[in-house]
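Data block below; observations after.
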Amino acid sequence: MTHSSRTSLQAAWYRHRWPWVLIAVPFASVLFGMVMIGTANLYPDDVVVDTYYKDGQAINQLLELDHTAQALGLQASLHHDSRSGDTTIGLRGTQEQWLQLSVYHVTDSAQDFSVQLQRNGEGIYSSRDSRLAALFSSRGIWYLELRGVDNDWRLRQRIETPIETLEL
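Numbers given in our numbering equal positions in the sequence shown, counted from 1, plus 1039.
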């Protein structure tokens, strides 16, 4: 048997299983890495902020707003009527001309919004905003933040919807 006939009897390298197994491992790693980079670019994380230092400094100012609300003895009760779509807030402790209710989703900042509630009577504020009606009737986890005209106090609470009444 000559040397050329002996090599023709051996199968070519690509006909063996082990070279493909060894090639598949780095190929799968590169493919997985590309998928992860694509996913990170398409769906950025809203929870992570680039200005964490400035946000950390602002925490003390926000805590001061909470302390002011406590010192004023502010209490609010929210009621949503699912039939009419009315949202009313009863506020005890101050008389504001209007209130701002900000709604923050826990993970998706694209769903955040603010609504102005107009004063109807003694400590009663209301809104007919359709976003509030949709919010209080659907499932989700949100932060509600209530502020006055001068932005010198705030009431804040985490809620799970659907909900009809709430004490802040």
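Idealized CB from N, CA, C, for every residue including glycine.
A direct Cα-Cα distance of roughly 11 Å separates W1192 from G1132.
DSSP links W1137 through a beta bridge to Q1157. By the C-beta criterion, the segment 1163-1181 is judged to be in contact with the segment 1129-1144, since at least 3 inter-stretch pairs fall below 8 Å. Every beta strand (DSSP E) stretch that sits fully inside the segment 1179-1205 and reaches 3 residues is listed by chain position as 1179-1186, 1193-1200. In the structure shown, the three-state DSSP call for A1115 is strand.
A direct Cα-to-Cα measurement between Q1155 and A1079 gives close to 35 Å.
Assigned with DSSP and collapsed to three states, G1124 falls in coil, not helix or strand.
Taking 8 Å as the cut-off, the Cβ atoms of R1167 and F1152 do not count as close. Going by beta carbons, L1205 and R1195 fall outside the 8 Å limit. Classified as buried, V1142 has 16 or more neighbouring CB atoms from the shown chains inside 10 Å of its CB. Remark: C-beta atoms of I1198 and V1145 do not approach each other more closely than 8 Å. The alpha-carbon of A1108 is positioned some 25 Å away from that of F1175.
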